[in-house]
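Report on the structure given below.
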Amino acid sequence: MLKSKTGEVILDHPVHYLLKKPNPKKAGADFVSELIASKLLFGNSYILSALDLYPKEIYLLPALATELVIEHNNLVAYFDLPKLFFR
């Protein structure tokens, strides 16, 4: 639940809508449950969103198949998913 500095509940906010319906194939409660489960089981959770001012969709990446690629400035350059594409 999002609250303002005065403690009022904020329902009309982009994050509220994003968490309620993160993407076309996932309900908000399922997304959050899987996010928490990934963090507890594997030590990390990774969310992918489009590079936009306000993301319209977010997706949970599989923690065991996701490798972060860090640039020289210690920012995440991209996610590498080589373990997903095996034969």
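Counting from 1 along the sequence shown, just add 739 to a position and that's the residue number in my numbering. For glycine and all other residues, C-beta sits at the position ideal for the given N, C-alpha and C.
- With a threshold of 16 other beta carbon atoms within 10 Å, residue 781 falls short and is exposed.
- DSSP links residue 786 through a beta bridge to 799.
- Less than 8 Å separates the beta-carbon of residue 789 from that of residue 796.
- Here DSSP, grouped into helix, strand and coil, assigns residue 807 to strand.
- Around the beta carbon of residue 772, fewer than 16 other beta carbons lie within 10 angstroms, which makes this residue exposed.
- Using a 10 angstroms sphere on the CB of residue 785, the tally of other CB atoms reaches 16 or more, which defines it as buried.
- Remark: C-beta atoms of residue 800 and residue 779 do not approach each other more closely than 8 Å.
- Distance from the CA atom of residue 758 to the CA atom of residue 793, rounded to whole angstroms, is 13 Å.
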